[in-house]
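The block underneath contains the structure these notes are about, expressed in structure tokens.
Number of protein chains: 2
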Amino acid sequence: MYNYFSSNFTLGILGGGQLGKMLLNETRKYDIKTKVLDPNPEAPSAIACNQFVCGSLLDYKTVMQFAEDVDVLTIEIEAVNIEALRDLAQQGKKVYPSAETLAVIQNKQIQKDFYKNNNIATSRHFNFASKVELVNHLKAHPNLFPQVWKAATGGYDGKGVQVIKNLDDAKQLPDVACLLEDLVDFKTELAVIVARNSSGEVKSYPVVEMEFHPEANQVEYVLCPARISDEIAQKARDLAEEVSSKIKHVGLLAVELFLTQLNDVLVNEVAPRPHNSGHFSIEGSYTNQFEQHLRAVLDLPLGDTSTKQAAVMVNLVGDEAFEGNVLYKNIEHVMSLKGVTPHIYGKKFTRPFRKMGHVTIINQSIEQAREIAAQVKSQLKVIAHENA
Amino acid sequence: MYNYFSSNFTLGILGGGQLGKMLLNETRKYDIKTKVLDPNPEAPSAIACNQFVCGSLLDYKTVMQFAEDVDVLTIEIEAVNIEALRDLAQQGKKVYPSAETLAVIQNKQIQKDFYKNNNIATSRHFNFASKVELVNHLKAHPNLFPQVWKAATGGYDGKGVQVIKNLDDAKQLPDVACLLEDLVDFKTELAVIVARNSSGEVKSYPVVEMEFHPEANQVEYVLCPARISDEIAQKARDLAEEVSSKIKHVGLLAVELFLTQLNDVLVNEVAPRPHNSGHFSIEGSYTNQFEQHLRAVLDLPLGDTSTKQAAVMVNLVGDEAFEGNVLYKNIEHVMSLKGVTPHIYGKKFTRPFRKMGHVTIINQSIEQAREIAAQVKSQLKVIAHENA
Numbered sequence: 004m005y006n007y008f009s010s011n012f013t014l015g016i017l018g019g020g021q022l023g024k025m026l027l028n029e030t031r032k033y034d035i036k037t038k039v040l041d042p043n044p045e046a047p048s049a050i051a052c053n054q055f056v057c058g059s060l061l062d063y064k065t066v067m068q069f070a071e072d073v074d075v076l077t078i079e080i081e082a083v084n085i086e087a088l089r090d091l092a093q094q095g096k097k098v099y100p101s102a103e104t105l106a107v108i109q110n111k112q113i114q115k116d117f118y119k120n121n122n123i124a125t126s127r128h129f130n131f132a133s134k135v136e137l138v139n140h141l142k143a144h145p146n147l148f149p150q151v152w153k154a155a156t157g158g159y160d161g162k163g164v165q166v167i168k169n170l171d172d173a174k175q176l177p178d179v180a181c182l183l184e185d186l187v188d189f190k191t192e193l194a195v196i197v198a199r200n201s202s203g204e205v206k207s208y209p210v211v212e213m214e215f216h217p218e219a220n221q222v223e224y225v226l227c228p229a230r231i232s233d234e235i236a237q238k239a240r241d242l243a244e245e246v247s248s249k250i251k252h253v254g255l256l257a258v259e260l261f262l263t264q265l266n267d268v269l270v271n272e273v274a275p276r277p278h279n280s281g282h283f284s285i286e287g288s289y290t291n292q293f294e295q296h297l298r299a300v301l302d303l304p305l306g307d308t309s310t311k312q313a314a315v316m317v318n319l320v321g322d323e324a325f326e327g328n329v330l331y332k333n334i335e336h337v338m339s340l341k342g343v344t345p346h347i348y349g350k351k352f353t354r355p356f357r358k359m360g361h362v363t364i365i366n367q368s369i370e371q372a373r374e375i376a377a378q379v380k381s382q383l384k385v386i387a388h389e390n391a
Numbered sequence: 004m005y006n007y008f009s010s011n012f013t014l015g016i017l018g019g020g021q022l023g024k025m026l027l028n029e030t031r032k033y034d035i036k037t038k039v040l041d042p043n044p045e046a047p048s049a050i051a052c053n054q055f056v057c058g059s060l061l062d063y064k065t066v067m068q069f070a071e072d073v074d075v076l077t078i079e080i081e082a083v084n085i086e087a088l089r090d091l092a093q094q095g096k097k098v099y100p101s102a103e104t105l106a107v108i109q110n111k112q113i114q115k116d117f118y119k120n121n122n123i124a125t126s127r128h129f130n131f132a133s134k135v136e137l138v139n140h141l142k143a144h145p146n147l148f149p150q151v152w153k154a155a156t157g158g159y160d161g162k163g164v165q166v167i168k169n170l171d172d173a174k175q176l177p178d179v180a181c182l183l184e185d186l187v188d189f190k191t192e193l194a195v196i197v198a199r200n201s202s203g204e205v206k207s208y209p210v211v212e213m214e215f216h217p218e219a220n221q222v223e224y225v226l227c228p229a230r231i232s233d234e235i236a237q238k239a240r241d242l243a244e245e246v247s248s249k250i251k252h253v254g255l256l257a258v259e260l261f262l263t264q265l266n267d268v269l270v271n272e273v274a275p276r277p278h279n280s281g282h283f284s285i286e287g288s289y290t291n292q293f294e295q296h297l298r299a300v301l302d303l304p305l306g307d308t309s310t311k312q313a314a315v316m317v318n319l320v321g322d323e324a325f326e327g328n329v330l331y332k333n334i335e336h337v338m339s340l341k342g343v344t345p346h347i348y349g350k351k352f353t354r355p356f357r358k359m360g361h362v363t364i365i366n367q368s369i370e371q372a373r374e375i376a377a378q379v380k381s382q383l384k385v386i387a388h389e390n391a
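Same order as they appear, the protein sequences are chains A and B.
To convert, take the position in the first sequence, counting from 1, and add 3; that gives the numbering used here.
To convert, take the position in the second sequence, counting from 1, and add 3; that gives the numbering used here.
Have a look at this one:
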């Protein structure tokens, strides 16, 4: 067992966004040295790490050089140079998640093929190298609509994902490698976060339920526990753990799932890192997802994933009518509600639907937590300064 | 209402020890700008603040200069230059707690006189300007023993406090201004943390019970809730809130109490800041004490002080047989226990009884939490490296 605590051991983190910022709370708690790489000099993680390096996550040389003096390398965003990760691992560096796992996840075509080839329940899909291929396929199958179109790479927070209802919709799409998925007629979207350390210990969190904003295709509320039967919850956790074991990831894996009208559970997509759907765990769980990620990549024993009380998480996204220096209107009202904790990510500039923070509501009753969450949502507005 | 979040508002913090470090977790959560003053360039708060200034907390000029560009000034340690705080407040700077409150608390003679003059239940005491005065008093009252001797200023973590049983004990004491208190025959020691913002909103936390290390006079376990009747708990909270209101503090006030054999509750002493007895709240409470301190000094609404589940906090102090670069022996075993969260303060060097960290245990049952805490205590050792 390595001595990680108040020692010279250094954890390298690729990415310095809000996920990295929340991860740094945990490295600070354990006094574990950190070094962060991000292209933005004002990234949320630029302070609270021991060393900040400003540079591209996608540049091979930058990543190789950054990792030279770190002992373990991890990520807080998938869009990193995979070739560098592969070479670092070959040189003996500990890299979690691995380049192999990331390669499967980074490209949604490969990710969907992986589910199919491994008999993991998911919706039917078709891959296309270009827009021409896509359009030809749709012309040949006029009864296929509606379909979900996804860009193979680069999608984030609902970007690069679109429901298409006819050929005209398809013709508006960008010309990129992409895939089509059957539109799943789901009751609700669920998610399970699975932790796995390099010794192979596995623990999953309780199933959460996600409510989406109808327009922005971003998660508005995350509820833990999900309001589903124990049987369905077990099915969802089993499926998530199956993905984790088959994809051989180390760290956290957030598995997004559909619960269909027929009570089937299908994998939608995964993220190999702490995830928006696990933010509730900071206040709600014995072990929060960021601490769990640390434990996993350092091969420490995983922490208990049970929850202290029910939790609802509300995303704070920029109001669609504002762009400018951020102002959290009515935050003081929201802070007077029972069991409410806002998290402000530290982005100075707001724009429509930008993820600016989140609010967690803890309560003995999930129904009451959901009610308070609705109050939070209706009161707290992410707007811009008048003087901006 | 001032815009504190992701703005140029700056909170100044005098002191950069572990309490400051944990406070910075909360300023980071809210993206509130901070500036920290501490004489130690390697202080636990030297990172995670926005600006760190290395300098003396007791030097008038240093404190005045430090505070020039901060909007609100607070403390994480009482030993600061009070004159500077008084002058800053007169210049219109917001300073919480106030110089007046700190002046009462910094000097234990004045603190005890304050209780007496305000009819706050406390043990009987006598003040002395010097050791000669003390010894003369004891010679004149040979039946007074045992007594508790306290230095008027400079005491910390059990230093500056001693039980004296006879005149010989007294003769060994340093020659400083001091006081004697009647030794209280107590069942247990309790503590209540009271928060008060500048609008006068007051909230107290549930009563905690403290178990002390017999030799080091340091708290070994803090249990929340205390294992006492509701009636006694109410009496303790009422007394703590009475102290808070009479001392007119703003921020957190940790009130340490004795529960006597006759079920009387007496004030022992207070600290005007986040406190060791409130660390359980990080994992145990809806609103942890550090966030509550922030809310109080920024005049935001105070958060709910109820607890999610039972909690026990174990202090991690340096093993008495070791001095050198710290090693947390068996920390990985402790991390595999249910609901256990270690906090490492970031001091590289351990010495006997030095406060190096703490561990929180969360459980539905306080008895089970206490059992796990005993396991933590017996397994986890704060020792020095072999190669140190």
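C-beta atoms are modelled at their ideal positions from N, C-alpha and C, and glycine is treated no differently.
According to DSSP, is residue i helix, strand or coil?
i: valine 166 of chain B; result: strand
i: threonine 290 of chain B; result: coil
i: glutamine 54 of chain A; result: strand
i: lysine 351 of chain A; result: coil
i: glycine 281 of chain A; result: helix
i: glycine 23 of chain A; result: helix
i: leucine 255 of chain B; result: strand
i: glycine 6 of chain A; result: Sequence check: residue 6 of chain A is asparagine here, not glycine. Three-state result, asparagine 6 of chain A: coil.
i: asparagine 130 of chain B; result: strand
i: glutamate 136 of chain A; result: helix
i: leucine 265 of chain A; result: coil
i: leucine 404 of chain B; result: It is not possible to answer for residue 404 of chain B, since the shown part of chain B is limited to 4 through 391.
i: isoleucine 231 of chain B; result: coil
i: glutamate 244 of chain B; result: helix
i: asparagine 11 of chain A; result: coil
i: arginine 276 of chain B; result: coil
i: serine 381 of chain A; result: helix
i: alanine 372 of chain A; result: helix
i: leucine 141 of chain B; result: helix
i: glutamate 45 of chain B; result: coil
Thinking residue i and residue j are a contact (beta carbons under 8 Å), I'd like their distance in whole angstroms, please.
i: asparagine 213 of chain A; j: glutamate 184 of chain A; result: Position check: residue 213 of chain A holds methionine in this sequence, whereas asparagine was assumed. With 8 Å as the limit, methionine 213 of chain A and glutamate 184 of chain A do not qualify as a contact, their Cβ atoms being about 18 Å apart.
i: tyrosine 289 of chain B; j: isoleucine 365 of chain A; result: 6 Å
i: glycine 15 of chain A; j: glutamate 79 of chain A; result: About 11 Å separates the two Cβ atoms, so there is no contact after all.
i: valine 329 of chain B; j: alanine 387 of chain B; result: 7 Å
i: serine 284 of chain B; j: alanine 257 of chain B; result: In fact, because the Cβ distance is near 11 Å, the residues do not count as touching under 8 Å.
i: valine 107 of chain A; j: valine 83 of chain A; result: That belief does not hold up - the Cβ atoms of valine 107 of chain A and valine 83 of chain A are roughly 14 Å apart, past 8 Å.
Which partner residues does residue i have in the DSSP bridge list?
i: valine 270 of chain B; result: B:Thr125 and B:Leu260
i: valine 2 of chain B; result: Outside the displayed span of chain B (4 to 391) sits residue 2 of chain B, for which this structure offers no information.
i: leucine 17 of chain A; result: A:Leu40 and A:Ile78
i: valine 320 of chain B; result: B:Lys358
i: isoleucine 365 of chain A; result: A:Ala314
i: histidine 345 of chain A; result: First, the residue type needs correcting, since residue 345 of chain A is proline and not histidine in the sequence shown. Paired residue(s): A:Val362.
i: tyrosine 224 of chain A; result: A:Glu214 and A:Val317
Given a cut-off of 8 Å on the beta-carbon distance, is the pair residue i and residue j in contact?
i: alanine 70 of chain B; j: lysine 36 of chain B; result: no
i: valine 195 of chain B; j: alanine 124 of chain B; result: no
i: leucine 22 of chain A; j: proline 275 of chain A; result: no
i: tyrosine 118 of chain B; j: valine 270 of chain B; result: yes
i: threonine 263 of chain B; j: aspartate 171 of chain B; result: no
i: valine 379 of chain A; j: valine 317 of chain A; result: yes
i: valine 210 of chain B; j: glutamate 244 of chain B; result: no
i: alanine 51 of chain A; j: isoleucine 50 of chain B; result: yes
i: lysine 134 of chain B; j: leucine 176 of chain B; result: yes
i: valine 385 of chain A; j: valine 362 of chain A; result: no
Notebook entry, point to check: Which parts of the segment 57-125 of chain A are runs of the alpha helix (DSSP H), unbroken and 4 residues or longer, counting only runs that do not cross its ends?
Noted result: Unbroken alpha helix (DSSP H) runs of no fewer than 4 residues, entirely contained in the segment 57-125 of chain A, are found at 63-70, 85-93, 102-109 and 111-120, following chain order.
Note to self: So within the segment 144-216 of chain A, which uninterrupted alpha helix (DSSP H) runs reach at least 4 residues, ignoring any that extend past its ends?
What the structure shows: Fully enclosed alpha helix (DSSP H) runs of 4 or longer: 170-174.
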